[in-house]
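**Student:** My questions all concern the structure below.
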Amino acid sequence: MARTPIRQAAQKAAPAHGRSRLRKNASQRSILDLPQDIVKRIKDEYSSDLQWVTYEVLGKSEPAMRQDFEINGWQAVTQDMFGGLLDGMYMKRGEKGEIIYGGMVLMERPYELTEESRAEEAAARNAALRAQENMIKGGLGIPGLSAGFESDHPTAVSKNVFKRSVERPSEIPTE
186 MARTPIRQAA QKAAPAHGRS RLRKNASQRS ILDLPQDIVK RIKDEYSSDL
236 QWVTYEVLGK SEPAMRQDFE INGWQAVTQD MFGGLLDGMY MKRGEKGEII
286 YGGMVLMERP YELTEESRAE EAAARNAALR AQENMIKGGL GIPGLSAGFE
336 SDHPTAVSKN VFKRSVERPS EIPTE
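If you want my numbering, it's the 1-based position in the sequence shown plus 185.
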């Protein structure tokens, strides 16, 4: 039988200072990890993708590293972009200029370019896998493989086996 509470439940009072923390649980993650709700909002509302890019190493500027990203459509983010969503997160509130933190500059590009880049990477990855599979299955393109060692030779056909399987991950006990 449940007992009736003697006291009322405590109510949390609003802080008198009116400020809030922008980076919560910072000790459990990298400070450069943007909150997922902000990343999703920027993707959905502004159709942009974000990425930290090396700006300097040990105080020495690294323009070539940044240029590699700029030529692929990335541009530096300022605090006033995205409706001020990032204002005060990595720099003083209202400060002008690019968002730079810990030798990294925050950059953005249209999400359409990111999807195009991911498609290119997937095509290159799949082409490399197909080339490897052709080498294993057919002996095509294997350096040093001379005539008489064809994969479809009658003596080789019975030995040519290529199996690929995917297994379920192991169950992790909950106890």
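All residues carry an ideal CB built from backbone N, CA and C; glycine is no exception.
Is residue 294 near residue 264, with beta carbons less than 9 Å apart?
**Tutor:** Not a contact, by the Cβ cut-off of 9 Å.
**Student:** Please report the residue range of the alpha helix (DSSP H) in which residue 250 lies.
**Tutor:** Looking at the DSSP string, the run of the alpha helix (DSSP H) that includes residue 250 is 248 to 255.
**Student:** How long is the line joining the alpha carbons of residue 319 and residue 311, rounded to whole angstroms?
**Tutor:** Distance between the alpha carbons of residue 319 and residue 311 is about 12 Å.
**Student:** I'd like to know whether the C-beta atoms of residue 257 and residue 298 end up nearer to each other than 9 Å.
**Tutor:** Yes; because the gap between Cβ atoms is below 9 Å, this pair is in contact.
**Student:** Can you tell me whether DSSP reads residue 286 as helix, strand or coil?
**Tutor:** Residue state, collapsed to three classes: strand.
**Student:** Expressed to the nearest angstrom, what Euclidean distance is found between the alpha-carbon atoms of residue 195 and residue 352?
**Tutor:** C-alpha separation (whole angstroms): 51 Å.
**Student:** Within this structure, are the beta carbons of residue 240 and residue 276 separated by less than 9 Å?
**Tutor:** In this structure, residue 276 does not lie closer than 9 Å to residue 240 by Cβ.
**Student:** CB residue 270 to CB residue 206, shorter than 9 Å?
**Tutor:** Contact: no.
**Student:** First and last residue of the beta strand (DSSP E) that includes residue 236?
**Tutor:** Looking at the DSSP string, the run of the beta strand (DSSP E) that includes residue 236 is 233 to 239.
**Student:** Taking Cβ positions, are residue 291 and residue 280 nearer each other than 9 Å?
**Tutor:** Taking 9 Å as the Cβ cut-off, residue 291 and residue 280 do not qualify as a contacting pair.
**Student:** What does the Cβ neighbour count give for residue 262, buried or exposed, with the cut at 16 atoms within 10 Å?
**Tutor:** Buried: at least 16 other Cβ atoms inside 10 Å.
**Student:** Checking 9 Å against the spacing of the C-beta atoms, do residue 286 and residue 216 come in under that value?
**Tutor:** Contact flag set, yes.
**Student:** Consult DSSP for residue 266 and reduce its assignment to one of helix, strand or coil.
**Tutor:** Three-state DSSP puts residue 266 in a helix.
**Student:** From the DSSP secondary-structure annotation, give me the bridge partner or partners of residue 292.
**Tutor:** Beta-bridge pairing links residue 292 to 236, 261.
**Student:** When you compare the CB positions of residue 230 and residue 254, do they come within less than 9 Å of one another, or not?
**Tutor:** Cβ atoms of residue 230 and residue 254: not closer than 9 Å.
**Student:** When every heavy atom of the ligand FAD is checked, does at least one fall within less than 8 Å of the C-beta of residue 234?
**Tutor:** Judged by which ligands are present, the structure shown has none, so any question about the ligand FAD falls away.
**Student:** Determine the extent of the alpha helix (DSSP H) in which residue 358 is found, giving its start and end residues.
**Tutor:** Unbroken run through residue 358: none, as it is neither H nor E.
**Student:** Using the beta-carbon count (16 or more within 10 Å), is residue 272 buried or exposed?
**Tutor:** Buried: at least 16 other Cβ atoms inside 10 Å.
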